[in-house]
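Presented below is the structure to which this report refers.
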Amino acid sequence: MLFSLLALTFIGLFAPFVWRFSKRHTGLLLAIVPAACFVWFSLQITEIAGGGVLFESVAWVPMLDVALGLRLDGLALVFALLITGIGALIVVYSGVYLHGHPQLGRFYAYLLIFMMAMLGLVLADNLIAMFVFWELTSVASYLLISFNHEKPESRRAALQALLITGGGGLALLAGLVLLGIAADTWQFSQLQAELVQAHALFPAIMVLVLIGCFTKSAQFPFHLWLPNAMNAPTPVSAYLHSATMVKAGIYLLARLNPTLGGGVGWSTVLITLGALTALLGAVLAIRQYDLKRMLAYTTVTVLGQLTMLIGTNTSYGLQAFVLYLVAHSFYKGALFMAVGAIDHSTGTRDIRRLGGLFSLMPLTGIAVGLAAFSNAGLPPFFGFIAKEFKYAGLIEMGTIGWTVTLVMILTNALLVAAAGMIFFKTFFGARGTWDRQAHEVSPFMWAGPLLLALGGFGLGAWNQWPETWLVNTAVQAVASGEVDVSLYLWGGITPAVLASVLTLGLGTLFYFNVSAVRSLANRLDSVWVFSGDLLWDKLLKRLFQFASAVAGLFQHGSLRLHMALMTLVVSLSVLGGLLLMNAQPFVGHGLSEVTLSGVIGCLLALGGAAGAAFMAGRLALVASLGASGLGLALFFVSINAPDVALTQLMVETLTVVFLAMVLRRMPMVPATGGAGIGVNVWHAGVAMLFGLAVSLLIMTAVSQPLPGDLADWFLANSLPGGYGSNVVNVILVDFRAVDTLGEILVVAIAALAASTLLGAGQLLDEKPRGLPEFGSMMLRQGMRPLATILLVVSLAILWRGHNLPGGGFIGGLVAATGFTLMVLTFGRGIQRGLARIAPPTIIGLGLACAVGAGLFGLVSQVPFMTGFWIEPFGVKLGTPLLFDVGVFLTVFGSVMHMVRNLVGRTA
-10 MLFSLLALTF
0 IGLFAPFVWR
10 FSKRHTGLLL
20 AIVPAACFVW
30 FSLQITEIAG
40 GGVLFESVAW
50 VPMLDVALGL
60 RLDGLALVFA
70 LLITGIGALI
80 VVYSGVYLHG
90 HPQLGRFYAY
100 LLIFMMAMLG
110 LVLADNLIAM
120 FVFWELTSVA
130 SYLLISFNHE
140 KPESRRAALQ
150 ALLITGGGGL
160 ALLAGLVLLG
170 IAADTWQFSQ
180 LQAELVQAHA
190 LFPAIMVLVL
200 IGCFTKSAQF
210 PFHLWLPNAM
220 NAPTPVSAYL
230 HSATMVKAGI
240 YLLARLNPTL
250 GGGVGWSTVL
260 ITLGALTALL
270 GAVLAIRQYD
280 LKRMLAYTTV
290 TVLGQLTMLI
300 GTNTSYGLQA
310 FVLYLVAHSF
320 YKGALFMAVG
330 AIDHSTGTRD
340 IRRLGGLFSL
350 MPLTGIAVGL
360 AAFSNAGLPP
370 FFGFIAKEFK
380 YAGLIEMGTI
390 GWTVTLVMIL
400 TNALLVAAAG
410 MIFFKTFFGA
420 RGTWDRQAHE
430 VSPFMWAGPL
440 LLALGGFGLG
450 AWNQWPETWL
460 VNTAVQAVAS
470 GEVDVSLYLW
480 GGITPAVLAS
490 VLTLGLGTLF
500 YFNVSAVRSL
510 ANRLDSVWVF
520 SGDLLWDKLL
530 KRLFQFASAV
540 AGLFQHGSLR
550 LHMALMTLVV
560 SLSVLGGLLL
570 MNAQPFVGHG
580 LSEVTLSGVI
590 GCLLALGGAA
600 GAAFMAGRLA
610 LVASLGASGL
620 GLALFFVSIN
630 APDVALTQLM
640 VETLTVVFLA
650 MVLRRMPMVP
660 ATGGAGIGVN
670 VWHAGVAMLF
680 GLAVSLLIMT
690 AVSQPLPGDL
700 ADWFLANSLP
710 GGYGSNVVNV
720 ILVDFRAVDT
730 LGEILVVAIA
740 ALAASTLLGA
750 GQLLDEKPRG
760 LPEFGSMMLR
770 QGMRPLATIL
780 LVVSLAILWR
790 GHNLPGGGFI
800 GGLVAATGFT
810 LMVLTFGRGI
820 QRGLARIAPP
830 TIIGLGLACA
840 VGAGLFGLVS
850 QVPFMTGFWI
860 EPFGVKLGTP
870 LLFDVGVFLT
880 VFGSVMHMVR
890 NLVGRTA
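Written out as structure tokens, the structure is:
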């Protein structure tokens, strides 16, 4: 299971490169991985059907006993097969549907990352891990819906989907945290209904979880994002919005049904809102002329019915849930892909312009016909069995069930009419007026829908197979108790059969009188005068107006006033907190001794700060602040922190260089203290108050004893456990390497963003030269050996960092300083050298090395970033060194990327 997630992640990240080198066969090549995952999950059917459960666990945060647990039971297996199987077909289909699109590689990356996130969501046994995958599906969905980002409607739909599902995700996170607290466990498999439902937090848990699930699965009143998401390319609609993402909320409802279900509140909410969503979706579907929007609203209907079936908690209802889940994924995925093929062939999805296509697109027509019949619930399709069991499950509930059944008969009749319009009107109606010469599409476009449509027929005709191998174990995972699963096509004349006959008869009547039905549905606007989209737009408009009004109170345009007010608030908050805590900052414990170098460093830092306060000119300010930074470096030396001192020295050097290059062309500024005595007193007061607050806060912090013996543990285990005597470096690249990985990732992102800003508004200089201040012949002659020495020193610092002061971060800064001096001096030649291996490539290599160092642990079934060591010729070499090389390259590439953009531009 873990390997499936890693494989999908890997192929998703490298999809653009695969597309770049094999554009014609990219879909087939990329589909190999999800197809292989589908085969692997298929091989587990026998064991899962026998009552077995597969479980894998990987240590995530071992010190906190947090692990990424993956669990495959009957419910997860059904979803995993749908995600990987339909996903493989969609990947192949996308290659033809989007053939020639300049960003097809990017599309594949988004799609496969989404597939990985969805698979992780259904396999995760840990509450928080599931939520991480849940949010990743929202992000990936946003990228897929906005794929055609040049269209305003695509951007709007993507933002709407992200805000609604993201807002629901926040509610879900709160609910999951409360659930973990109430259940005293963070594993789905260990949740106990009695313990959770007896807890005082149960009502809040249920409400928050339902909000999260309803927003994800488009339940009323959150349904409006799903039809608008049809602005996405058809492969996205066929995958995300029929078979996977919209069923994420349904999956979580089903997964938590044994824990949260069984009560009147749970069932009432699910049945009421589910039935309302289903009826609303059906009424809106029959009003549509765009085939994709019609399918979107019928999807809303089915999602409402699935929610309702979970709420029934009856034997037939839960069986119907699993049956309908599978049947809908098959026929709706087929219909979406077929509609995409129709659009691809004719240039339109408007049903008023379509007709007579069967003679031109017979294979696509067969796929649509089979899928539409399953959608309508005709025997012997799987959709027919699902509909029979749905009615039986509702009728089991008594009077309330009969009431809901009547609503569902009307709802399903409208679905029958919609299915008839999609198939008969499109393929056997009067010849349409389309924009292109219609023709049968490529086999890769009709094969997928045809396979899914035939699957819906096969599962229904030979229903003993899905009953034995899939449905039974999935139903047991959803139910609170044992359920006797028995599928059949014909169970005699029952109320459910009569309801089905009435549904088909009413649906046929609606189809032949579709204009009158659509007119009646349109008249509902006079009853319900509010549009969901209109309400959404007004809500966003009011929100932006409120934000603008609040911002107007504070965004007055004065940076100094901003800084002064912010500093004043922080200072008063810190001092107030220390006062309330009755802090004792002057306790001598933990304070370092006074040394000559420390005093000199403090005086230098104080002098630099004073110079910045009174000197005029930007370069003078930069020099003053640089002197202050050098003073701090000297102070770090005095307290035996050479690693921090070296880092401070290099950072200050590069900061001064960058600021000097940026500010040298800007006009002079007056001295800070020349603004008037009143302003000076105000600034001085705020500055001294801030200095006092920070000093007292630091003194209070260091005077407190450290809890536990963590420092002693690091000192004792650095050499025997990390094979290094430099404790600081061993912590950074071994013990806390995951933290360091996050830090260098932040460095890389910040550098990529900053370099763009540094070059903004300036033309690219094709022949960049060094700065004129470096034009001295003696300086130019001495710069090469100096830069060479710095490079050699940087490599030495990298190599020795595990045992002596140094490491990849410091080494990268030293190397970057040397190259920066070369660029400033010679410009063009060095820039040409940097162009051969672009700095972003160096950053990517650095991050790859850092991540690769951690993968050794995962492959060996131990925690991520666990160190592995070899000893060639008596020299200890390990993955921490590879990680440190990654840090070195990331830091070096980040600095050089900013330098290249800054120096390589004209003024």
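When the sequence shown is numbered by the numbering used here, its final residue is 896 and no position is left out of the sequence of numbers.
Note that beta-carbon positions come from the ideal geometry of N, C-alpha and C, so glycine has one too.
First and last residue of the uninterrupted alpha helix (DSSP H) at residue i
i	result
Val506	Val503 to Arg512
Gln465	Asn461 to Val467
Met350	Unbroken run through Met350: none, as it is neither H nor E.
Glu36	Ile34 to Ala38
Asp873	Thr868 to Val892
Arg9	Ala4 to Phe10
Tyr904	Nothing about residue 904 can be reported from this structure: the residues present for the chain run from -10 to 896 only.
Lys321	Ser304 to Thr335
Asp522	Gly521 to Phe543
Leu632	Just to set this straight, residue 632 is Asp in the shown sequence, not Leu. First-last of the alpha helix (DSSP H) with Asp632: Pro631 to Leu652.
Trp916	Missing from the structure shown is residue 916; the chain here goes from -10 to 896 and no further.
Residue i and residue j closer than 9 Å at C-beta
i	j	result
Ile832	Thr777	no
Ser562	Leu681	no
Gly306	Lys379	yes
Thr223	Tyr86	yes
Ala285	Met234	no
Met195	Gly164	yes
Val467	Arg244	yes
Leu70	Met(-10)	no
Ala193	Leu159	no
Residue i to residue j span [Cα, whole Å]
i	j	result
Ala171	Leu513	45 Å
Tyr97	Leu133	10 Å
Thr353	Thr415	11 Å
Leu899	Leu595	Only positions -10 to 896 of the chain appear in the structure, and residue 899 is not among them; the question remains open.
Lys12	Phe(-1)	19 Å
Val803	Gly674	38 Å
Gly201	Val472	28 Å
Gly336	Leu523	29 Å
Pro141	Gln149	12 Å
Arg425	Ser334	7 Å
Leu784	Asn246	59 Å
Phe(-8)	Arg144	34 Å
Val503	Asn217	24 Å
Nearest-angstrom Cβ-Cβ length linking residue i and residue j, presumed shorter than 8 Å
i	j	result
His791	Asn718	6 Å
Leu197	Leu161	7 Å
Asp723	Gly856	5 Å
Trp525	Leu213	6 Å
Gly421	Leu343	4 Å
Contacts around residue i, its chain only, beta-carbon distance under 6 Å, and the 5 residues preceding and following it disregarded
i	result
Val291	His317
Leu383	Gly390, Val393 and Thr394
Asn401	Thr492
Trp458	Ile34 and Ala38
Ala553	Val675
Leu871	Cys838 and Ala842
Tyr500	Ala406 and Gly409
Close-in-space but distant-in-sequence residues of the same chain around residue i (CB under 7 Å, 5 per side omitted)
i	result
Phe625	Val633, Ala634 and Gln637
Ala323	Ala356, Ala360, Pro438, Leu441 and Ala442
Val7	Thr15, Leu18 and Leu19
Val81	Gly16, Leu17, Ala20, Phe433 and Gly437
Ser613	Gly597, Gly600, Ala601 and Met604
Tyr209	The sequence given here places Phe at residue 209; Tyr does not occur at that position. Excluding positions up to five away in sequence, the list reads Leu262, Leu265, Thr266 and Leu269.
His639	Note on identity: in this sequence residue 639 is Met, with His being the wrong assignment. Counting only Cβ-Cβ distances below 7 Å, and skipping sequence neighbours, we find Ile799, Leu802, Val803 and Thr806.
Thr737	For the record, residue 737 in the displayed sequence is Ala; it is not Thr. Closer than 7 Å at Cβ, skipping near neighbours: Ile832, Leu836, Thr879 and Ser883.
Contacts around residue i, its chain only, beta-carbon distance under 8 Å, and the 5 residues preceding and following it disregarded
i	result
Gly867	Tyr712, Gly856, Phe857, Trp858 and Ile859
Ser475	Glu456
Gly252	Gln186
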